[in-house]
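Here the structure comes first, spelled out in structure tokens, and everything after it is commentary.
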Amino acid sequence: MANAFPGWHGTTILGVRKGGRVVIAGDGQVSLGQTVIKGTARKVRRLSPGGQSVVAGFAGSTADAFALLERLEAKLEATPGQLQRACVELAKDWRTDRYLQKLEAMLIVTDGRQLLVVTGAGDVLEPEHDVAAIGSGGMYALAAARALMDSDLDAETIARRAMAIAAEICVYTNGALTLESIGG
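Going by the working numbering, the first residue of the sequence shown is number 1, and it counts up by one from there.
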């Protein structure tokens, strides 16, 4: 018999790099089927492995994301100052380790210089146009942020406005933002 348990939905994570500053914003909604379970979840975190400063946002299963963030911190400690290398090592492990292969999450990470999307498919992507988005409302936030990038707005204002637009369109996204910035 197929599992009739409704899937967890929610999360819009957006990364915007502009003017030497990177902002990662995440909404607070977690939904189970058609029900909002929590409206103030914190899906953007600041990591400080070995004194480095890295900001990460996650979409997907919270427990899976925390397992990945712990592994990312270990990779960052092993390769100080090399975010991309740490992310590639994490993605390789994620693809080849039987336990990690079952994890259902995606990450957006930044050290203030690089903005990367890390997936369980083994991808470590540096997005074009200095904007990255993941999660249920990610494409709405991405489109809004890209439209605002040519304006005089700073990274934080772009992220806030794009997330507000996504929250107006996507039923799995709300306006309870967590926002972390780095650089600039």
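We treat Cβ as the ideally placed atom computed from N, Cα and C, and that holds for glycine.
Predicted model only: the values in this text are computed from it and were never measured.
Review point. If you draw a straight line from the C-alpha of L153 to the C-alpha of L125, how long is it?
Key: 25 Å
Review point. In angstroms, rounded to a whole number, what distance separates the CA positions of I13 and L32?
Key: 18 Å
Check your understanding: At which residues does the alpha helix (DSSP H) containing G138 begin and terminate?
Key -> G138 to L148
Point to revise | Alpha carbon of R98 to alpha carbon of D150, nearest angstrom | key: 43 Å
Exercise for review: Give the secondary structure of V88 by DSSP, where H, G and I count as helix, E and B as strand, and everything else as coil.
Suggested key: helix
Check your understanding: Out of curiosity, what's the CA-to-CA distance linking A105 and V44?
Key -> 13 Å
Review point. Between which two residues does the beta strand (DSSP E) carrying T40 extend?
Key: Taken as a continuous stretch (DSSP letters only), T40 belongs to no beta strand (DSSP E), as it is neither H nor E.
Point to revise | Same chain, Cβ closer than 6 Å to P165, five either side skipped, listed in chain order | key: Correcting the residue type first, residue 165 is Ile in the shown sequence and not Pro. The answer, listed in chain order, is A144.
Point to revise | Option in A41, L76 and L100 with minimal Cα separation from G57 | key: A41
**Study point:** Cβ pair V54, L83 closer than 8 Å
**Key:** yes
Review point. Excluding the five sequence neighbours on either side, which residues of its own chain have a C-beta within less than 6 Å of the C-beta of C87, listed in chain order?
Key: L116, V118 and V124
**Study point:** Of the residues T96, T11 and A159, the one placed nearest L148, counting alpha carbons only
**Key:** A159
**Study point:** Euclidean distance between Cα positions of V30 and G20
**Key:** 32 Å
Exercise for review: Taking only the alpha-carbon atoms, compute the straight-line gap between Q52 and K38 and give it to the nearest angstrom.
Suggested key: 31 Å
Exercise for review: Could you check the C-alpha separation between E70 and A63 for me, to the nearest Å?
Suggested key: 11 Å
Practice item. Have a look at the DSSP bridge pairing and note the partners of A164. Key: A164 pairs with nothing; no bridge assigned.
Point to revise | Residue interval of the alpha helix (DSSP H) (run including T62) | key: T62 to A78
Review point. How should A59 be labelled, buried or exposed, when 16 other C-beta atoms within 10 angstroms of its C-beta is the threshold for buried?
Key: buried
Point to revise | Limits of the beta strand (DSSP E) - the one that L17 falls within | key: Here residue 17 is Arg; the residue named in the question, Leu, does not match the sequence. That run of the beta strand (DSSP E) goes T12 to K18.
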